[in-house]
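Everything below concerns the one structure shown next.
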């Protein structure tokens, strides 16, 4: 009976915060300083994931102090949206599973669980932004661009080629024919500039994508499933004290796009 009541409570929470109206109210605070924090979080995310993998290895090898320290690293700068969402979770969901008094270790477990949840949500936003980049690459360049590096490299090549054609001494028609057969060398500065612009676009899009991504995930049941897993793991951690920390799959999926992007960039 308690499980049924709690499931209903969790469903109501998701509907209220991740439905179309709730998502607009939650994510509109992303405008402002969050647009500056978002690029920092995107660039930091691979470093954080590597630290978590190294932490798991250290714990398995018996280096518990180092592994625990790495496990407690925050997944990035907390945005206003994240702080607001954490406050709602703490006020509405956590009282159902938390004891009246928390030890310092249990408080750390709660912070860690919330950090992992935020990392999963950030990764989902990155995946959404990368999908937009992938679609735009197909539409604009007719090629596979799974991330900012591949998209930026392709954009730099197109811009450089068009500039060469328009400034060709033989005219645009012959210039287009010549540079179509013999593409010009793209300057490194132009490639770097386009890549930086593409990565910033991904970060900003990720910061704002929740307005659309949150309701879609809610309709698919992903929001409720992610919260349920986080809360179930936290309940076990508070009860057992030595259970493994929750490792959501979304950060790993987001890094898969990074791997494809590196392969595309190197190719």
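Numbering (this note's numbering), first residue to last: -12 to 254.
C-beta atoms are modelled at their ideal positions from N, C-alpha and C, and glycine is treated no differently.
Treat the numbers as computed from the prediction; the structure is a model and nothing was measured.
The C-alpha of residue 186 lies about 36 Å from the C-alpha of residue 157. Residue 225 and residue 130 have their C-alpha atoms roughly 49 Å apart.
The three-state secondary structure of residue 49, taken from DSSP, is coil. Spanning the alpha carbons of residue 144 and residue 164 requires a straight line of approximately 16 Å. Take the alpha-carbon of residue 6 and the one of residue 48: they are about 44 Å apart. Take residue 138, set aside five residues on each side of it, and the residues of its chain with a beta-carbon closer than 6 Å to its own are 120, 124, 132 and 185, in chain order. Under the three-state reduction of DSSP, residue 115 is assigned to helix.
Taking 9 Å as the cut-off, the beta carbon of residue 190 is found closer than this to the beta carbon of residue 29. Beyond the five residues adjoining it in sequence on each side, residue 171 comes within less than 7 Å, by CB distance, of 147, 148 and 151 in the same chain, given in chain order.
Scanning the stretch 75 to 150 for uninterrupted alpha helix (DSSP H) segments of 4 residues or longer gives 91 to 128, listed from N- to C-terminal end. Taking C-beta atoms as the reference points, residue 241 and residue 117 count as a pair closer than 9 Å.
Cβ atoms of residue 35 and residue 72 stay farther apart than 8 Å, at about 19 Å.
For residue 64, there is no enclosing alpha helix (DSSP H), as DSSP gives it neither H nor E.
Each residue's CA atom was taken as its position, placing residue 207 and residue 176 some 43 Å apart. Taking residue 221 as reference, the option from 92, 11 and 8 with the minimal CA-CA separation is 92. Spanning the alpha carbons of residue 141 and residue 64 requires a straight line of approximately 31 Å. When only Cα atoms are considered, residue 96 and residue 169 end up about 59 Å apart. For residue 204, the uninterrupted alpha helix (DSSP H) segment begins and ends at 197 to 207. For residue 54, the closest C-alpha among the options 66, 38 and 1 is that of 38. Within the same chain, Cβ atoms closer than 7 Å to the Cβ of residue 218 are found at 80 and 84, the five residues on either side in sequence being excluded. Out of 246, 161 and 252, the CA that lies nearest to the CA of residue 33 is found in 246.
Here the alpha carbons of residue 40 and residue 195 stand approximately 28 Å from one another. Each residue's CA atom was taken as its position, placing residue -6 and residue 25 some 32 Å apart. If you ignore the 5 residues before and after residue 27, its C-beta comes within less than 6 Å of the C-beta of 64, all in its own chain and listed in chain order.
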